[in-house]
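Undergrad: As they're listed, the protein sequences go chains S and Z.
Position 20, counted from 1, in the first sequence is what the numbering used here calls 20; the numbers after and before it change by one each time, with no gaps.
Position 83, counted from 1, in the second sequence is what the numbering used here calls 1083; the numbers after and before it change by one each time, with no gaps.
Encoded as structure tokens, here's the structure I'll be asking about.
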Amino acid sequence: MSMTYELSHLRTLEAESVHIVREVAAEFERPVLLFSGGKDSIVMLHLAVKAFFPARLPFPAMHVDTGENFDEVLAFRDETVERLGLRLVVGSVQDDIDAGRSVEDSGPRASRNRLQTTTLLRSITEGRFDAVFGGARRDEEKARAKERVFSFRDEFGQWDPKNQRPELWSLYNGRHRPGEHIRVFPLSNWTELDIWQYIAEEQIELPSIYFAHRRPVFRRDGMLMAVHPLMTMAPDEEAFETTVRFRTVGDVTCTGCVESACTTVDDVIAEIAATRLTERGATRADDRISEAGMEDRKKEGYF
Amino acid sequence: MSELLRFATAGSVDDGKSTLIGRLLYDTKSIFEDQLEAVERTSRERGDEYTNLALLTDGLRAEREQGITIDVAYRYFATPKRKFIIADTPGHTQYTRNMVTGASTADLALILIDARKGVLEQSRRHAFLSSLLGIPHLILCVNKMDLVDWDQDRFEEIKAEFRSFAMKLDVHDLTFVPVSALLGDNVVHRSANAPWYEGSSLLHQLEEVHIASDRNLIDARFPVQYVIRPQSGTHLDYRGYAGTVAGGVFRPGDEVVVLPSGFGSTIAAIDGPGGVPVTEAFSPMSVTIRLADEIDVSRGDLICRSHNRPHAGQDVDATVCWLTEASTLSAGTRLTVKHTTRSVKALVADLQYRLDINTLHRDDTAGALSLNEIGRVRLRTQQPLFFDEYRRNRTTGSFILVDDATHSTVGAGMILGPSQ
């Protein structure tokens, strides 16, 4: 390899992400890394830790906790924080509901997904964070395909897609005034398949729900949702048990699973290479709001 | 091992650009059923007569409403040979800013020409911007060949016309492919409709074009990005200089010099991300260099070889593209320059000329550059920069200009050399 000076696509992506993470550490006062226990934020954290070896991660992690997460994912979050000796900031959606800053939807299809924005912005303000790492990828969704790696947020935490800073070469502009902040997306150029291939190469641990397991589920809008105390089933929705795995990990209330027999990372890579549905299209109820569902939420300050 | 190729496309719906991209994505199975269904649904609702593949890339509400591409869209696809990133940019003059942005990181530019219309002003502009941004490879797709009955003479005529224009530009590798994006001829597979065409399909060319040698492997350049000093535990004495290699090859044992101090040392070790030992570091690897001697090194410094140093100076000539409508650039404008890992104050000492990007005419009476305009500028910086000519090194030869009042990125610069 060294004779031809070629770098594989995964190592090229890794180098780009490491460069971005280091640039933030060098130029910002108070960065924070969003960590949900989902595979993208796990890979982002893995890259960030590698970027500063042998020093410790020079910034904390933050989890916006809706109170409606899968237990397996919360346990994984806590183990990871413990193992890496990280400082974890938890922004609790429940706190905002209790204080009257957020109002919960009612009805059988209520979800706290959208309420995360209030909690996220409050936690950024309280922590006085000026750079917030997110694990979003441009291949996930069409509004995200247009977003910068360094994405400016005004004093209200809002994104203005029509007024984005040009971003050339690897010269990132992180300038902002007090109260404004920059969202940073080191995984912008990674695809779902790249993430899984990297997980395989680096042998990164994931929460168990990403792999095949038996689970009681029911069908809703063409997706399989977990039977769970937080889910209210309609009279015509019927529970059954089958072998599933999760392709994305969000709240219990908005994340569907897929029927799958994949028990290893290699199985998952083979499954993704053959799939005909995007991961968000297959499993995310929160994206089905409208054609511009993600763009609208992002403008308000969502991840 | 699969490599990464970044390519830029420019053009409008009329050229069949979106159809071509849609075809590449569809035929490499990179469009998913739910994406295609969403596009078909929206096309129907809008009353389009065909499935408008532009909707795949036009992701913003404003773009969908106005039916235009405003911003750079990034698209991803892969074949067993390579992974591709497409920077899809709008083609009109008023979006030069976006084209320049998409082209800045591209290895290759794909330009479309309608076989019926031939080489238009727009095609010449795209070719010029590609060469200005130092894109090493250019593929000219002569599209809609089915509408000229796959006429070889027409193809040759367009080729000759474009070649004579390209001679004025800095284009090293120019390839022509006759295609029909709508019908798929010569996009993924060779078409039987053009037996006279001896080249391979577009996708095959994208898979095979040799890009590893495009990087500068001669001039060792390492802008220091961040200093890693754990100062704790088992790594009490560790002191590493983290950054991304911008040129040349670095190896443990190399004699190096640090700028601006001029202190010399030897590379004791190179660590990859996570501490993996590296025997040879080259662009675009992100590594950490450890030196044998304890010398003062900080962010913004540059590590190179003593016998091969970049230019160091405060007076720089550059081609600048102005990116904002909120202000203009003229002699006397004060800005911040971000060049590699250094940010310094700068003054525009002189605007030497403005370039007409359609005719390449130089207007030396111009007093200012406004949005989307390109000109030659002399800058005076408050502290020295360590730079190379852009055509020699796209990393140490490029910079952005930041407005100190608004904090916006207002200009992009490609260094021509030290001011004479």
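Glycine is no exception: its CB is placed at the ideal position from the N, C-alpha and C atoms.
Which whole runs of the beta strand (DSSP E) in the stretch 80-111 of chain S are 3 residues long or more, in chain order?
TA: Counting whole runs of 3 or more residues, the stretch 80-111 of chain S contains the beta strand (DSSP E) stretches 88-92.
Undergrad: So, under 8 Å CB-CB, T1341 (chain Z) and Q1225 (chain Z) are touching, yes? Tell me the CB distance rounded to an integer number of Å.
TA: Indexing the second sequence from 1 puts residue 1341 (chain Z) at position 341. Indexing the second sequence from 1 puts residue 1225 (chain Z) at position 225. At roughly 5 Å, the Cβ-Cβ gap stays under 8 Å, so T1341 (chain Z) and Q1225 (chain Z) are in contact.
Undergrad: Are the C-beta atoms of H1092 (chain Z) and some chain S residue less than 8 Å apart?
TA: In the second sequence, residue 1092 (chain Z) corresponds to position 92, counting from 1. Not an interface residue.
Undergrad: Taking one C-beta from the stretch 40-51 of chain S and one from the stretch 186-202 of chain S each time, how about it: are there three or more such pairs within less than 8 Å?
TA: Verdict: yes, contact present.
Undergrad: Could you tell me whether any Cβ in chain Z is nearer than 8 Å to the Cβ of V43 (chain S)?
TA: As a first step, residue 43 (chain S) must be located in the first sequence, where it is residue number 43. Chain Z contact via Cβ: absent.
Undergrad: Look at the Cβ atom of T1266 (chain Z), then the Cβ atom of E1280 (chain Z), and state whether they are nearer than 8 Å.
TA: Within the second sequence, numbered from 1, the residue matching residue 1266 (chain Z) stands at position 266. Within the second sequence, numbered from 1, the residue matching residue 1280 (chain Z) stands at position 280. Taking 8 Å as the Cβ cut-off, T1266 (chain Z) and E1280 (chain Z) do not qualify as a contacting pair.
Undergrad: Note the first and the last residue of the continuous alpha helix (DSSP H) segment covering G127 (chain S).
TA: Here residue 127 (chain S) refers to the residue found at position 127 of the first sequence. Residues 116-127.
Undergrad: For the stretch 1334-1346 of chain Z, which residues have a beta carbon sitting closer than 9 Å to at least one beta carbon of chain S?
TA: The residues in question are T1336, K1338, H1339, T1340, T1341, S1343.
Undergrad: Does the pairing of the stretch 1142-1153 of chain Z with the stretch 1105-1124 of chain Z give three or more beta-carbon distances under 8 Å?
TA: Verdict: yes, contact present.
Undergrad: What number of angstroms, rounded off, separates the C-alpha of P1260 (chain Z) from the C-alpha of A131 (chain S)?
TA: If you number the second sequence from 1, residue 1260 (chain Z) lands on position 260. If you number the first sequence from 1, residue 131 (chain S) lands on position 131. Rounded to whole angstroms, P1260 (chain Z) to A131 (chain S) spans 30 Å at the Cα level.
Undergrad: Would you list the residues sitting across from G1243 (chain Z) in a DSSP beta bridge?
TA: Along the second sequence, read from residue 1 onward, the residue named residue 1243 (chain Z) stands at position 243. Note: G1243 (chain Z) sits in a beta bridge opposite Z:V1287.
Undergrad: Classify K298 (chain S) as buried or exposed, calling it buried when 16 or more other Cβ atoms lie within 10 Å of its own Cβ.
TA: As a first step, residue 298 (chain S) must be located in the first sequence, where it is residue number 298. Buried, because 16 or more other Cβ atoms sit within 10 Å of the Cβ of K298 (chain S).
Undergrad: Locate the alpha helix (DSSP H) running through S151 (chain S), then write down its first and last residues.
TA: What you label residue 151 (chain S) is simply residue 151 of the first sequence in a count that begins at 1. Careful: S151 (chain S) lies outside any alpha helix (DSSP H), inside the beta strand (DSSP E) at 150-153.
Undergrad: List the residues of chain S that Y1076 (chain Z) touches, going by C-beta distances under 8 Å, in chain order.
TA: Position 76 of the second sequence, counted from the first residue, corresponds to residue 1076 (chain Z). Under the 8 Å cutoff, chain S gives R138, D139, N189, T191.
Undergrad: Looking only at its chain, what residues have a beta carbon closer than 6 Å to the beta carbon of R1334 (chain Z), apart from the 5 residues adjacent to it on each side?
TA: Reading the second sequence from its first residue, position 334 is the one you call residue 1334 (chain Z). Excluding sequence neighbours, R1334 (chain Z) sits near L1347.
Undergrad: List the endpoints of the continuous alpha helix (DSSP H) containing R1046 (chain Z).
TA: The residue labelled residue 1046 (chain Z) in the question sits at position 46 within the second sequence. Taken as a continuous stretch (DSSP letters only), the alpha helix (DSSP H) holding R1046 (chain Z) covers 1033-1046.
Undergrad: Quick check on the DSSP output: the beta strand (DSSP E) that includes F1176 (chain Z) runs from which residue to which?
TA: By one-based count along the second sequence, residue 1176 (chain Z) stands at place 176. First-last of the beta strand (DSSP E) with F1176 (chain Z): 1173-1178.
Undergrad: Thinking C-alpha only, which one of S:G281, S:S260, S:A270, S:L230 is nearest G107 (chain S)?
TA: Here residue 107 (chain S) is taken as the residue at index 107 of the first sequence, counted from 1. Among S:G281, S:S260, S:A270, S:L230, the Cα nearest to that of G107 (chain S) belongs to S:L230.
Undergrad: Out of curiosity, what's the CA-to-CA distance linking I1295 (chain Z) and F1263 (chain Z)?
TA: Numbered from 1 along the second sequence, position 295 holds the residue referred to as residue 1295 (chain Z). Numbered from 1 along the second sequence, position 263 holds the residue referred to as residue 1263 (chain Z). Each residue's Cα considered, the two are about 7 Å apart.
Undergrad: With a CB to CB cut of under 6 Å and the five nearest residues on each side skipped, what residues in its chain are close to T1406 (chain Z)?
TA: On the second sequence, position 406 is the one that residue 1406 (chain Z) refers to. Around T1406 (chain Z): no qualifying Cβ.
Undergrad: Hey, is R1392 (chain Z)'s beta-carbon within less than 8 Å of any beta-carbon in chain S?
TA: As a working note, residue 1392 (chain Z) is residue 392 in the second sequence. Not one chain S Cβ lies under 8 Å of R1392 (chain Z).
Undergrad: Might you give, ordered along the chain, the residues of its own chain that have their beta carbon closer than 7 Å to the beta carbon of L1169 (chain Z), omitting 5 neighbours on each side?
TA: Taking the first residue of the second sequence as 1, we reach residue 1169 (chain Z) at position 169. If we look at L1169 (chain Z) and ignore the five residues flanking it on each side, its Cβ neighbours are A1127, F1128, S1131.
Undergrad: For a contact meaning CB atoms closer than 9 Å, what does E23 (chain S) contact in chain Z?
TA: Within the first sequence, residue 23 (chain S) is the residue found at index 23, counting from 1. Result: Q1225, Y1226, T1341.
Undergrad: Indicate whether at least one CB of chain S lies closer than 8 Å to the CB of V1177 (chain Z).
TA: Taking the second sequence and counting its residues from 1, one reaches residue 1177 (chain Z) at position 177. It does not: the Cβ of V1177 (chain Z) has no partner Cβ on chain S nearer than 8 Å.
Undergrad: Would L1112 (chain Z) and G1184 (chain Z) qualify as a contact pair, given that the criterion is a beta-carbon distance under 8 Å?
TA: In the second sequence, counting from the first residue as 1, residue 1112 (chain Z) sits at position 112. In the second sequence, counting from the first residue as 1, residue 1184 (chain Z) sits at position 184. No, Cβ-Cβ distance for L1112 (chain Z) and G1184 (chain Z) is not below 8 Å.
Undergrad: Which residues does DSSP pair with N1308 (chain Z) in a beta bridge?
TA: Within the second sequence, residue 1308 (chain Z) is the residue found at index 308, counting from 1. The partner list for N1308 (chain Z) (beta bridge, DSSP) reads Z:R1305.
Undergrad: With a 10 Å radius around its C-beta and 16 neighbouring C-beta atoms as the bar for buried, classify T1093 (chain Z) as buried or exposed.
TA: Here the question's residue 1093 (chain Z) lines up with position 93 in the second sequence. By the neighbour-count rule (16 or more Cβ atoms within 10 Å), T1093 (chain Z) is not buried but exposed.
Undergrad: Is F52 (chain S) close to chain Z, meaning its C-beta is less than 8 Å from at least one C-beta of that chain?
TA: Residue 52 (chain S) sits at position 52 when you count from the first residue of the first sequence. Yes, contact with chain Z.
Undergrad: Using alpha carbons as the reference points, say which of S:R219, S:H228, S:L224, S:G250 lies closest to D236 (chain S).
TA: Along the first sequence, read from residue 1 onward, the residue named residue 236 (chain S) stands at position 236. Ranking the options by Cα distance to D236 (chain S), first place goes to S:R219.
Undergrad: Can you pull the chain Z residues whose beta carbon is under 9 Å from the beta carbon of Q94 (chain S), in chain order?
TA: Position 94 of the first sequence holds residue 94 (chain S). Neighbours of Q94 (chain S) on chain Z: none; closest Cβ ~32 Å, over 9 Å.
Undergrad: Please specify which runs of the alpha helix (DSSP H), each continuous and at least 4 residues long, are wholly inside the stretch 1104-1188 of chain Z, giving them in chain order.
TA: Those alpha helix (DSSP H) runs which fall completely within the stretch 1104-1188 of chain Z and span 4+ residues are 1121-1132, 1152-1166.
Undergrad: Against chain Z, which members of the stretch 157-173 of chain S pass a CB distance test of less than 8 Å?
TA: The stretch 157-173 of chain S vs chain Z, Cβ under 8 Å: P161, K162, Q164, R165, P166, E167, L168, W169, S170, L171, N173.
Undergrad: Quick test of the definition: if touching needs 3 or more C-beta pairs under 8 Å, does the stretch 1347-1365 of chain Z touch the stretch 1186-1206 of chain Z?
TA: With a cut-off of 8 Å, the stretch 1186-1206 of chain Z and the stretch 1347-1365 of chain Z do not count as touching, because too few Cβ pairs lie within range.
Undergrad: Give me, in chain order, the residues of the same chain whose beta-carbon lies closer than 8 Å to that of E1325 (chain Z); leave out the 5 immediate sequence neighbours on both sides.
TA: On the second sequence, residue 1325 (chain Z) is found 325 positions in, with the first residue counted as 1. Once the five neighbours on either side are set aside, the close Cβ partners of E1325 (chain Z) are S1370, L1371.
Undergrad: Is S1398 (chain Z) helix, strand or coil by DSSP?
TA: Residue mapping note: residue 1398 (chain Z) aligns to position 398 of the second sequence, counting from 1. Looking at S1398 (chain Z) - three-state DSSP - the assignment turns out to be strand.
Undergrad: When you check each C-beta in the stretch 1202-1217 of chain Z against every C-beta of chain S, which residues fall closer than 8 Å?
TA: The stretch 1202-1217 of chain Z vs chain S, Cβ under 8 Å: A1212, R1215, L1217.
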